[in-house]
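In terms of the numbering used here, the sequence shown opens at residue 9 and continues consecutively.
Idealized CB from N, CA, C, for every residue including glycine.
Since this is a predicted model, take the numbers as computed values, not measurements.
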Amino acid sequence: MKSGIKVVLFTLSMIFSGLGTQALAAPTAGKAAVESKTVTQPAATEKSAPVADEKNAAGKISINTATAEELAQALNGVGLKKAQAIVSYREEYGPFKTIDDLRQVPGMGGTLVEKNLSHLML
Numbered sequence: 009m010k011s012g013i014k015v016v017l018f019t020l021s022m023i024f025s026g027l028g029t030q031a032l033a034a035p036t037a038g039k040a041a042v043e044s045k046t047v048t049q050p051a052a053t054e055k056s057a058p059v060a061d062e063k064n065a066a067g068k069i070s071i072n073t074a075t076a077e078e079l080a081q082a083l084n085g086v087g088l089k090k091a092q093a094i095v096s097y098r099e100e101y102g103p104f105k106t107i108d109d110l111r112q113v114p115g116m117g118g119t120l121v122e123k124n125l126s127h128l129m130l
């Protein structure tokens with residue numbers, strides 16, 4: 009019984025000692041990659057930061073915080089004029105309570121809202 013426990017503990021220690029070496033090496037490599045990316049392309053990182061703030065991980069854009077330019081770029085069938093109408097409506101009436109409230113914006117029909125549901129969030 010004691011020898012069986014010793015074998016299990018020895019095996020586990022060997023497994024974890026191998027993972028420990030790999031785990032120590034991985035963050036260093038990842039950190040170097042991030043540092044070199046930041047050093048080589050600081051302008052691109054700064055440029056894309058505002059758009060990244062308005063989009064979540066799923067690629068959706070907030071109709072309550074995005075600019076007209078961001079909305080025009082992210083939505084299908086919405087140009088700068090319709091995007092500005094969304095922003096103007098939001099400024100006049102306050103933040104949207106539901107995504108379906110976009111139908112109240114002049115120029116935004118139900119079909120256009122339906123087509124862009126997968127790109128939108130509040």
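Exercise. Under the rule that 16 or more other beta-carbon atoms within 10 Å means buried, what is R113, buried or exposed?
Worked result: A small correction: the amino acid at residue 113 is Val; Arg does not occupy that position in the sequence shown. Buried: at least 16 other Cβ atoms inside 10 Å.
Problem set entry | Residue(s) in a DSSP beta bridge with S70 | M129
For this session: Can you have a look at I71 and say buried or exposed, based on whether 16 or more other CB atoms are within 10 angstroms of its CB?
Result: buried
For this session: Indicate the three-state DSSP secondary structure (helix, strand or coil) for L83 in the structure shown.
Result: coil
Exercise. How many Å lie between I94 and L110 at the Cα?
Worked result: 7 Å
Exercise. Taking the alpha helix (DSSP H) that L120 falls in, what are its first and last residues?
Worked result: G118 to K123
For this session: Please work out which residues of its chain come closer than 7 Å, Cβ to Cβ, to N84, disregarding the five sequence neighbours upstream and downstream, and give them in chain order.
Result: K123 and N124
For this session: State the Cα-Cα distance for the pair V121 and E100, rounded to the nearest angstrom.
Result: 20 Å
Problem set entry | V95, enclosing alpha helix (DSSP H) - first and last residue | L88 to Y101
Problem set entry | Nonlocal neighbours in the same chain, by C-beta distance under 8 Å from A40, ignoring five residues either side | Annotation note: pLDDT 46 at A40 (below 50); position unreliable, no value reported.
For this session: Measure the beta-carbon distance from A82 to Q92 and round it to whole angstroms, keeping in mind my assumption that it falls under 8 Å.
Result: Rounded, the Cβ-Cβ distance is 14 Å, inconsistent with contact.
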